[in-house]
Structure formats: C-alpha cells, structure tokens
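Reading through the structure tokens given below for one structure.
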Amino acid sequence: MDIRNIAIIAHVDHGKTTLVDKILHQTNVFRANQETGELIMDSNDLERERGITIFSKNASVMYKGVKINVIDTPGHSDFGGEVERVLKMADSVILLVDAFEGPMPQTRFVLQKALQLNLKPIVVINKVDKPNCRPDEVHDAVFELFFTLDATDEQLDFPTFYGSGKNGWFNSKNEQCDDITPLLDGILQYVPAPKIEEGTLQMQITSLDYSAFLGRIAVGRVARGKISENQPFALIRTDGRIQKSRVKELYIFESLGKKKVTEVIAGDICAVVGIEDFTIGDTIADIDNPEALPIISVDEPTMSMMFGINNSPFFGKDGKFVTSRHLRDRLMKETEKNLALKVEDTDSADSFLVYGRGILHLGILVETMRREGYELTVGNPQVLVKQIDGKKHEPFENLVVDVPSEYSGKVIDLVTQRKGEMLIMESKGEMQHLEFEIPSRGLIGLRSQMLTGTAGEAVMAHRFLEYKPWKGPIPGRSNGVLIAKSTERTTGYSIDKLQDRGRFFVDPNEDVYVGQVIAEHIKPGDLVVNATEAKKLTNHRASGSDDATRITPKILMTLEECMEYIQQDECIEVTPKNIRMRKVILNEDERKKTSKSMSSEAIG
Ligand SMILES: Nc1nc2c(ncn2[C@@H]2O[C@H](COP(=O)(O)OP(=O)(O)OP(=O)(O)O)[C@@H](O)[C@H]2O)c(=O)[nH]1
Ligand SMILES: [Mg+2]
Numbered sequence: 002m003d004i005r006n007i008a009i010i011a012h013v014d015h016g017k018t019t020l021v022d023k024i025l026h027q028t029n030v031f032r033a034n035q036e037t038g039e040l041i042m043d044s045n046d047l048e049r050e051r052g053i054t055i056f057s058k059n060a061s062v063m064y065k066g067v068k069i070n071v072i073d074t075p076g077h078s079d080f081g082g083e084v085e086r087v088l089k090m091a092d093s094v095i096l097l098v099d100a101f102e103g104p105m106p107q108t109r110f111v112l113q114k115a116l117q118l119n120l121k122p123i124v125v126i127n128k129v130d131k132p133n134c135r136p137d138e139v140h141d142a143v144f145e146l147f148f149t150l151d152a153t154d155e156q157l158d159f160p161t162f163y164g165s166g167k168n169g170w171f172n173s174k175n176e177q178c179d180d181i182t183p184l185l186d187g188i189l190q191y192v193p194a195p196k197i198e199e200g201t202l203q204m205q206i207t208s209l210d211y212s213a214f215l216g217r218i219a220v221g222r223v224a225r226g227k228i229s230e231n232q233p234f235a236l237i238r239t240d241g242r243i244q245k246s247r248v249k250e251l252y253i254f255e256s257l258g259k260k261k262v263t264e265v266i267a268g269d270i271c272a273v274v275g276i277e278d279f280t281i282g283d284t285i286a287d288i289d290n291p292e293a294l295p296i297i298s299v300d301e302p303t304m305s306m307m308f309g310i311n312n313s314p315f316f317g318k319d320g321k322f323v324t325s326r327h328l329r330d331r332l333m334k335e336t337e338k339n340l341a342l343k344v345e346d347t348d349s350a351d352s353f354l355v356y357g358r359g360i361l362h363l364g365i366l367v368e369t370m371r372r373e374g375y376e377l378t379v380g381n382p383q384v385l386v387k388q389i390d391g392k393k394h395e396p397f398e399n400l401v402v403d404v405p406s407e408y409s410g411k412v413i414d415l416v417t418q419r420k421g422e423m424l425i426m427e428s429k430g431e432m433q434h435l436e437f438e439i440p441s442r443g444l445i446g447l448r449s450q451m452l453t454g455t456a457g458e459a460v461m462a463h464r465f466l467e468y469k470p471w472k473g474p475i476p477g478r479s480n481g482v483l484i485a486k487s488t489e490r491t492t493g494y495s496i497d498k499l500q501d502r503g504r505f506f507v508d509p510n511e512d513v514y515v516g517q518v519i520a521e522h523i524k525p526g527d528l529v530v531n532a533t534e535a536k537k538l539t540n541h542r543a544s545g546s547d548d549a550t551r552i553t554p555k556i557l558m559t560l561e562e563c564m565e566y567i568q569q570d571e572c573i574e575v576t577p578k579n580i581r582m583r584k585v586i587l588n589e590d591e592r593k594k595t596s597k598s599m600s601s602e603a604i605g
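Structure (structure tokens):
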C-alpha cells in the first residue's frame with residue numbers, strides 16, 4: 002500500500018490541531034451529520050479545558066488511495082521533547098506559521114529538529130483570514146529562518162501553501178479556494194513514500210498509548226522488515242539489555258482509532274500490545290538478529306520542584322491517595338512515559354525532587370495527579386544551576402513579546418528589572434516586536450505582571466537557549482501576603498474589614514487554616530490576620546447593604562499561577578477539590594525563628 006507519514010509542527014496556537022480537524026473532515030472520516038465538535042485530536046480532559054495540545058497523537062486517513070498517517074504535535078515549548086521523538090515516525094513535516102505572528106521561538110526549535118533529521122518541510126502560512134496579517138512578509142521570514150538554520154538547498158526549496166484552517170481552505174497561492182484539496186494533493190506530491198530498508202525487523206518505540214483493556218501499548222514506526230501477530234522478538238532496552246518478548250496483538254492507525262491487523266510492514270506506524278516492560282526509546286528487533294536503533298536523546302530538565310505529601314491540617318479530607326508510598330509510586334510510573342521528567346528521592350521519605358522542562362510541564366503533572374485523587378504539597382519551582390568550568394551557570398531563554406507600541410516601554414522595563422537584555426525591537430503591523438535574552442529565573446511570575454502592565458495586550462513566548470553565567474539576584478514578588486491566624490471559617494465581616502489591606506484568595510465562609518496564605522498584601526511584608534471574627538451583635542442593624550455584598554470576589558488562581566506566585570518559604574497544597582497556598586512553616590513563632598536564623602546565616 003502507498004503510505005505517507007507526516008507530522009504537523011508549529012509554535013503554540015498556530016493552528017495544528019485545527020488543520021488536522023480539516024484533514025479528517027475532508028477525507029470523510031466522519032459519517033454525514035455526525036456531530037464532531039472542534040479540535041477533535043485534543044481528546045484529553047486537560048487539553049480540552051485549556052485548548053492546547055499536550056500529547057502528540059496519531060490519526061490516519063485515506064486520500065486518493067493513499068494512506069496518510071498524520072501526527073499532531075504539541076506546540077508549547079515545555080513539550081518540545083515530545084515533538085523531537087515523534088518526528089522519528091515522519092517522512093516529512095508540515096510547518097505551520099501564523100500569517101500575522103510569523104516565526105516564533107518554538108517555530109525555530111521544531112524546524113531545526115526537522116531539518117536535522119533531513120526532512121523536507123512543507124510550509125503552510127495559516128490564518129490569512131486575520132486582519133492585519135502579513136503572509137508575504139511571513140513567507141520571507143520563514144525563508145530567512147530556514148537559511149539561518151543551515152537548511153540544504155533542497156530544504157530551502159520548500160513548497161508553500163496559504164490559507165485558513167478556521168475557514169477550511171488551503172491553496173498553493175494566497176487566494177481563497179473551496180477546501181483543502183490543494184494541500185492534500187501537496188502532501189501526496191511532496192512527502193516521500195517511506196524508505197523501506199531490507200533486512201530483519203527493527204522498530205523503535207517512540208510513544209506510548211494506554212488502554213484500560215490492553216494496558217500499555219507501544220507505538221512506533223516499523224523501520225525495517227515486518228512485524229506480525231504472535232511473533233517472538235527481542236526488546237533492546239535503552240541501557241543495552243535484551244529481553245525476549247512476543248507480539249500479543251498488533252494494530253495500525255485508522256481514522257481516529259486503531260484497527261487490529263496480523264502484519265505490518267516497514268514504513269507504516271503501528272501499535273504493539275503485549276510487551277510487559279518497556280520504555281520509550283527501546284527497539285523491537287528480530288529475535289535472532291537484535292540490532293538497536295540509535296537512542297533518542299531528550300532535552301535535559303531545566304527546572305525542579307519539591308513534591309511532598311500533604312501535611313496541612315486539612316490532610317486527607319479530599320483525596321484517595323495521600324501517603325508517601327502512593328506519591329512515590331505515581332511519580333516513578335510517570336517517568337516511564339514522560340521522558341523529560343526525572344524524580345529523585347530526598348533525605349526525607351515524604352518528599353521527592355521532580356525535574357521537568359518548565360512550569361507547564363510540571364503543572365500538568367500535578368493537575369493530572371489531582372484529578373486522579375492524589376493529595377500533595379508542591380514547593381516553588383527552581384531553575385537548575387550548573388557548575389561549568391568551576392563557575393555558576395543558569396539557563397537562559399529567548400523571550401519574544403509582541404505588544405501595542407504604547408506599552409513597549411513598560412515591557413522593556415519589566416524584562417530589564419529581571420535581568421533580561423533586549424536584542425531586537427522592530428514593528429510588526431501595528432505591534433512592536435521585542436526579543437530578549439533572559440535568565441529562566443526572571444521568567445517565573447513575569448507573565449502575570451506583563452499582562453497587568455499591558456492591559457492584557459502582550460503576547461509572549463519563550464524557549465530555552467543555553468546555560469550562561471549566573472546573572473546575580475533577581476527581585477522576587479514585591480508584595481507580601483496576608484496569612485490566616487487560626488484554623489476556622491472566614492467571615493464576611495472580617496474580610497470586609499481587611500479589604501483595604503489586601504486582595505483576597507478566599508471567600509467568606511471558607512475553611513482556612515493557620516499559616517494559609519489568604520490574600521495578597523497591598524504592601525511588601527507579610528501580615529498575620531484574623532479573618533474569622535464574627536460580627537459583634539449590636540442593637541442597631543448596620544445601615545445600608547449586607548456586608549457580604551460589598552466584598553470583592555476572591556482572586557481565582559490556576560495551579561500554574563500559584564506556582565509562579567509563591568516564594569521560597571511558601572508552598573501549595575493540592576487536593577482533588579482545592580488548591581491552597583500556604584507558608585511552609587505554618588506556626589508564626591516557628592516561622593519567625595527560622596527566618597531570623599536564615600537571615601543571620603546570610604549575613605554571617
Ligand atoms: N483566525 C484564525 N484562527 C485560527 C485558524 N486556525 C486555528 N485558529 C485558532 O487558533 C487557536 C489555536 O488553534 P489550535 O488548532 O488549537 O492550535 P495548535 O497549533 O494545535 O495549538 P497547540 O496544540 O496548543 O500548540 C484556536 O482558537 C483556533 O480556532 C485560522 O486559520 N484563522
Ligand atoms: Mg494542537
């Protein structure tokens with residue numbers, strides 16, 4: 002059978018999953034009148050809620066008698082490692098670029114990976130329906146980018162399509178047409194058929210699927226030979242060990258699902274059921290002639306965060322899994338499929354140090370665990386410092402901000418305070434386009450300040466660059482917090498009285514505990530407050546309205562916002578129902594003692 006394997010890559014939100022929707026529709030994957038909704042491939046709960054792709058996924062369609070395996074990839078830079086892996090299944094890529102934004106940091110990263118694998122991309126300039134879009138300029142910028150990434154002459158000669166995934170058309174020139182036929186024809190024309198190597202079986206496991214019935218499923222592309230049902234094979238582990246195993250069941254991708262087959266030949270992507278113990282990167286090989294494929298390299302983690310059991314006074318109220326055993330097992334299990342994640346034991350049996358690729362990467366893990374019924378405490382995220390040639394180095398990132406010109410001064414201010422240096426400033430339509438180099442540390446908490454400082458107008462993206470010498474201290478959060486004095490229920494009366502002191506994270510009638518962070522102080526410095534006082538009974542009724550109606554609704558922060566908000570002496574209690582920020586040391590006297598001894602240590 003004729004096959005094409007193609008991965009769709011781009012910066013976050015440039016329209017990958019929307020394009021896959023259109024491909025599925027145009028190739029009649031769905032019955033007429035079938036209600037399908039949008040972003041079909043973003044099937045995971047967290048993906049649907051956030052409108053982003055977290056896991057890469059396979060789909061397969063038939064077009065003009067050719068089977069096209071389509072791989073949708075995540076665009077957020079924290080999941081860059083995932084993209085790198087699944088590119089191994091593809092013979093070409095569609096590089097999508099937003100016709101207004103142009104190439105962004107992650108565009109550069111994913112393109113670089115594709116070029117290094119000698120793939121010849123098809124460029125799609127998407128979202129030409131956007132007002133003020135600049136498709137021609139963007140095309141030139143993409144060419145520039147290929148050039149700076151040392152593309153070969155062949156790669157530089159890329160085909161370009163223009164269109165709008167949202168409006169359902171792509172054409173080889175920037176003229177609206179009826180549908181995406183020109184692009185599908187382009188795939189048949191420009192994507193090479195898989196190279197079939199002669200020899201015995203070789204297939205690298207590049208991703209992992211899970212089914213409640215079948216257990217863990219290994220997904221990859223058969224690189225050489227063929228694989229059959231019931232076939233015994235050698236599993237070559239990434240550490241070189243060889244395990245004997247057998248194919249229990251074999252599936253290929255069909256539409257959005259999988260189809261059971263008895264044999265898959267080189268070139269096609271398949272799913273193998275029945276391997277007891279495997280990790281991504283292992284090679285499935287011929288039992289008599291086990292030859293491994295090159296190991297998949299994964300980006301090093303750049304951030305770490307402490308995960309501990311929940312030890313707040315509200316411990317065990319919401320969760321099913323609350324012990325350190327539960328926590329440890331769950332984290333270890335995660336490392337089997339989440340390659341960029343590392344877990345280390347610590348001196349304490351109740352806490353683990355978890356290393357990841359960024360706030361979102363770690364946040365998604367915590368959010369997933371909380372939905373599974375876990376309770377835990379997480380500390381503030383720390384970037385990983387390294388000693389290079391005896392000198393302290395830290396990760397730096399490339400930061401891109403697009404903002405209306407009137408706010409560019411504010412943006413530059415904020416970034417330079419955090420030790421960022423401006424490299425490029427140019428206009429892009431009616432926006433200013435700013436590029437900086439900034440220590441990763443400086444990025445933590447920057448997004449919320451940036452949005453406040455620019456009335457929500459700033460669009461920012463960043464991407465790890467390299468380790469560079471330590472930049473010295475970077476100011477943390479400027480405001481202090483209000484801390485609950487006792488473990489009780491808040492009252493409208495108290496919160497109302499305290500409103501001019503801070504902006505609250507809790508509502509009246511909410512249970513809080515001693516040491517919990519319940520509001521942001523309007524000034525620097527922390528304050529312990531009593532938010533649980535009942536109204537004194539008087540003979541007079543308070544004139545005017547009820548207290549509660551004058552209270553500003555609480556500020557709701559997402560888990561990731563909390564992660565960026567908390568400081569060194571704070572942590573987050575995460576349960577299936579609640580996310581609460583707290584001081585690490587709940588008791589006020591103990592907290593004072595510790596901070597005193599810490600500051601005298603710093604002086605001495
Ligand atoms: N105006 C316009 N919006 C589009 C177009 N294509 C996609 N969008 C919108 O852009 C947003 C992001 O689209 P997605 O398809 O989720 O983008 P993605 O590249 O898959 O995003 P990630 O997977 O998170 O990296 C959605 O709100 C889409 O509706 C387009 O052609 N024009
Ligand atoms: Mg997507």
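The opening position of the sequence shown corresponds to residue 2 in my numbering, with each subsequent residue numbered one higher.
Here a beta-carbon is modelled for each residue, glycine too, at the ideal position from N, C-alpha and C.
query: Rounded C-alpha distance that separates Leu657 from Gln500; result: The requested residue 657 is not part of the displayed model; the chain covers only 2 to 605.
query: Uninterrupted beta strand (DSSP E) stretches inside the segment 449–516 (no shorter than 3 residues); result: 460–470, 482–485 and 503–505
query: DSSP-derived helix/strand/coil call for Asp527; result: coil
query: Cβ-heavy atom distance, Asp43 to ligand 2, below 7 Å; result: yes
query: Same chain, Cβ closer than 6 Å to Ser598, neighbours up to 5 away in sequence not counted; result: none
query: The alpha helix (DSSP H) enclosing Pro233, as first and last residue numbers; result: Element bounds for Pro233: not the alpha helix (DSSP H) but the beta strand (DSSP E), Pro233 to Ile237.
query: C-alpha distance - Asn613 paired with Lys593, whole-angstrom precision; result: Look at the range of the chain in this structure, 2 to 605, and you will see that residue 613 is not part of it.
query: Any heavy atom of ligand 2 nearer than 5 Å to the CB - residues listed; result: Lys17, Thr18 and Thr54
query: Cβ neighbours of Val274 in the same chain (closer than 6 Å, five flanking residues each side left out); result: Leu215, Ile218, Lys249 and Glu250
query: Through-space distance from Leu363 to Ser305, alpha-carbon basis; result: 9 Å
query: Within 8 Å, strictly: CB atoms of Gly421 and Gly443; result: yes
query: Collapsed DSSP secondary structure at Pro183 in the structure displayed; result: helix
query: Ser165 beta carbon near ligand 1 (any heavy atom closer than 7 Å); result: yes
query: Ala152 to Arg86 span [Cα, whole Å]; result: 20 Å
query: Span separating the alpha-carbon of Val111 from that of Ile197; result: 25 Å
query: For Ile266, the nearest candidate out of Gln203, Pro302 and Val323 (CA to CA); result: Gln203
query: Integer-rounded CB distance, given that Val513 should sit under 8 Å from Ala532; result: 7 Å
query: Nearest-angstrom Cα separation, counted from Gly473 out to Arg464; result: 21 Å
query: Option in Val412, Glu489, Ala485 and Gln418 with minimal Cα separation from Leu452; result: Val412
query: Neighbour-count burial assignment, Val21, 16 or more Cβ in a 10 Å radius; result: buried
query: Distance cut-off 7 Å: His15 Cβ against heavy atoms of ligand 1; result: yes
query: Coarse secondary structure for Thr201, derived from DSSP in three states; result: coil
query: Nearest neighbour of Gln190, chosen from Ile552, Arg583 and Ile4 [CA to CA]; result: Ile4
query: Any non-hydrogen atom of ligand 1 closer than 7 Å to Leu40 Cβ; result: yes
query: Straight-line Cα distance separating Pro291 from Phe80; result: 31 Å
query: Span of the beta strand (DSSP E) around Thr378; result: Leu377 to Gly380
query: Stretch-stretch touch, CB-based, cutoff 8 Å, three pairs: the segment 351–359 with the segment 301–318; result: yes
query: Proximity winner among Leu185, Val125, Ile123 and Leu366, relative to Lys338 (alpha-carbon distances); result: Leu366
query: Cβ-heavy atom distance, Lys131 to ligand 1, below 7 Å; result: yes
query: Segments of 3+ residues assigned as beta strand (DSSP E) that fall wholly inside the segment 61–118; result: 67–73 and 93–99
query: Reference Asn29; option with closest CA among Ala194, Ile389, Leu88 and Asp180; result: Asp180
query: Residue range of the unbroken alpha helix (DSSP H) whose run includes His362; result: Ile360 to Arg372
query: Assumed close pair Ile188, Ile10 - CB separation to whole angstroms, cut-off 8 Å; result: The Cβ separation is near 14 Å, so there is no contact.
query: heavy atom of ligand 1 below 7 Å from Lys128 C-beta; result: yes
query: Rounded straight-line distance, which links the Cα of Tyr375 to that of Asn312; result: 13 Å
query: Contact set for Lys58: own chain, Cβ-Cβ below 6 Å, skip 5 residues either direction; result: Met42 and Asp73
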